[in-house]
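Chains as they are written, first to last, in our numbering: chain A, 648 to 807; chain B, 2 to 295. Glycine residues also receive a C-beta, built at the ideal position from the N, C-alpha and C atoms.
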Ligand SMILES: Cc1cc2nc3c(=O)[nH]c(=O)nc-3n(C[C@H](O)[C@H](O)[C@H](O)COP(=O)(O)OP(=O)(O)OC[C@H]3O[C@@H](n4cnc5c(N)ncnc54)[C@H](O)[C@@H]3O)c2cc1C
Ligand code: FES
Ligand code: FES
């Protein structure tokens, strides 16, 4: 069978790609578009490393077919920094040392960004529940939660 | 495997009923794509239901609610009129998976995957939800109670799909709730799930009650004996104890790493009681709000 042609928007750019019907969006991001910022941990929805936004909604790109991206807007971790200027979440992850090996980090960043977009002032509890689908084997989570809260505070300040 | 994304019900049923093609409907894919990956299922054709208008969106009319079978948990959580009317159904739907899973997981998928532990199912049964099915033989309405037959098995016919779920506008004095027990705080499979809906008179007398349990039998079960413990009386602690005992008695669970049979049996009663207490509290709050506004 011939490949499927998909037209979509990824990180603000119109993109077209060819894929097999069985390929996940994660497969295509990493192996076809070479956008390897989005990570694969489990491939089964458990770890959140592959988190992306689909029309603004947080989803696992490993549990979505690439074919489903037709006409949709995808946002990945690669669209967070503006040139050399890191997103406040990225900056605070560095400052708080919220990563060690780093494989979970893109997923946490994308998920945290989705949280702050709908709740600019989350409580620690809200952050922990929102991020329950993102697993980290290294940090013990506390630093991640601290980084998200610090970034939220900075982003609120910047808007005021 | 091929993927198709039909825009109409007719087209979808046509694709699903083609002779000689092993076709499978897909909503959020949070069960199905995991099963494809592990090799548990190998369909030749996936028919995505999310572009079909009848399976999308939530309508809140004067008669009641229509929830599209492919609507995600996140959208259900955002529907304030539904949350206000059927908080137990909404809290159950919101318990499915993580934020990421919520972005995709649907009620239709949760039901048709036919896991005994599916979270939304006991809540839908307790609330008296009815689903609309469409297949090659036409349309029929079936209570959610009658869909799941056993693990992975449903009452759906060949090429039949669930289009939507209907819930009535709650009558005065109605309240519902869902409670589940998992070994962790988030992201795990229920040891027990309990959904309860009640309708109480202003006097506090219980006029109607439905109790449903998940994860304690081969399929989610309705436990009318437990509901009967509250009916026609004011639900005092004796009545609630009776409800708990009958819920435990109806449980016939498995033994596994998440919980022993004895533990699940006991927890079935405890959760049924807690869900009933919460449903009664909500029903009472409705009466209180009504008397304040009049
Ligand atoms: C990490 C993770 C955590 C999870 N946590 C929970 C949890 O806490 N509680 C819980 O209950 N579940 C949980 N699940 C399971 C799953 O997310 C839910 O069962 C979800 O509701 C399935 O919906 P879906 O739309 O993704 O279904 P899909 O995967 O699209 O479909 C599931 C099944 O139903 C069929 N189907 C789908 N829609 C229809 C329809 N309209 N008509 C006929 N057949 C249909 C499909 O053919 C398939 O067999 C979890 C899954 C993952 C990956
Ligand atoms: S790779 Fe998608 S959730 Fe783990
Ligand atoms: S930093 Fe290693 S998994 Fe999170």
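- A distance criterion of 6 Å places the beta-carbon of residue 25/B in contact range of ligand 1, judged by its closest non-hydrogen atom.
- Spanning the alpha carbons of residue 155/B and residue 149/B requires a straight line of approximately 4 Å.
- Think of a sphere of 8 Å around the beta carbon of residue 698/A: the chain B residues whose beta carbon falls inside it are 101, in chain order.
- Using a cutoff of 6 Å, the CB of residue 107/B counts as near ligand 1, since one of the ligand's heavy atoms is closer than that.
- For residue 712/A, no alpha helix (DSSP H) segment is defined, and its DSSP state is neither H nor E.
- Distances taken from the Cβ of residue 111/B to the heavy atoms of ligand 1 include one shorter than 6 Å.
- Contact residues of the region 48-69 of chain B toward chain A are 49 (C-beta to C-beta distance below 7 Å).
- Contact check between the region 693-704 of chain A and the region 744-753 of chain A: three or more CB pairs, one atom from each, fall below 8 Å, which counts as touching.
- Beta bridge pairing from DSSP links residue 209/B with 200/B.
- Contact note: residue 271/B does not reach chain A at a C-beta cutoff of 9 Å; the least C-beta distance is about 23 Å.
- For residue 803/A, same chain residues with a beta-carbon under 8 Å away, outside a window of 5 residues either side, are 767 and 768 in chain order.
- The C-beta of residue 104/B comes closer than 7 Å to at least one C-beta of chain A.
- Between residue 223/B and residue 126/B, the C-beta spacing is below 7 Å.
- At a cut-off of 3 residues, the continuous stretches assigned as beta strand (DSSP E) that sit fully inside the region 141-174 of chain B are 149-151 and 162-169.
- From the beta-carbon of residue 187/B, the residues of chain A found nearer than 7 Å are 776 and 779.
- Using a Cβ-Cβ cut-off of 7 Å, residue 31/B counts as an interface residue toward chain A, since at least one Cβ of chain A sits closer than that to its own.
- Collapsing the DSSP output to three states places residue 58/B in coil.
- Counting only the Cα atoms, residue 134/B lies some 34 Å from residue 268/B.
- Membership of residue 660/A in the beta strand (DSSP E) is indicated by the continuous run 660-666.
- Residues of chain A with a Cβ closer than 7 Å to the Cβ of residue 38/B are, in chain order, 690 and 691.
- Not a single C-beta of chain B is nearer than 7 Å to the C-beta of residue 768/A.
- Counting C-beta pairs closer than 8 Å gives three or more between the region 18-26 of chain B and the region 35-54 of chain B, which meets the contact rule.
- Not one heavy atom of ligand 2 falls within 6 Å of the beta-carbon of residue 751/A.
- Taken atom to atom, the span from the alpha-carbon of residue 256/B to that of residue 262/B is near 5 Å.
- Against chain B, a Cβ distance below 7 Å from residue 668/A picks out 2, 3 and 4.
- Identification of chain A residues near residue 75/B by a Cβ-Cβ cut-off of 7 Å yields 704, ordered along the chain.
- Of 650/A, 681/A and 711/A, the smallest CA-CA separation from residue 104/B is found for 711/A.
- In this structure residue 7/B is in contact with residue 52/B, their Cβ atoms being roughly 7 Å apart against a cut-off of 8 Å.
- Residues of chain A whose Cβ lies closer than 8 Å to the Cβ of residue 81/B do not exist; the shortest such Cβ separation is about 15 Å.
- Between the region 28-38 of chain B and the region 105-112 of chain B there are three or more C-beta pairs closer than 8 Å, enough to call the two in contact.
- Going down the chain, each residue whose beta-carbon is closer than 6 Å to a heavy atom of ligand 2 shows up: 687/A, 688/A, 689/A, 690/A, 692/A, 693/A, 694/A, 695/A, 696/A, 697/A, 707/A and 709/A.
- Annotation: the continuous alpha helix (DSSP H) that includes residue 286/B extends over 262-294.
- The three-state secondary structure of residue 691/A, taken from DSSP, is coil.
- Taking a C-beta cut-off of 9 Å against chain A, the contacting residues of the region 10-30 of chain B are 27, 29 and 30, listed in chain order.
- In the DSSP assignment, residue 653/A is bridged to 664/A.
- Residue 793/A is not bridged by DSSP to any residue.
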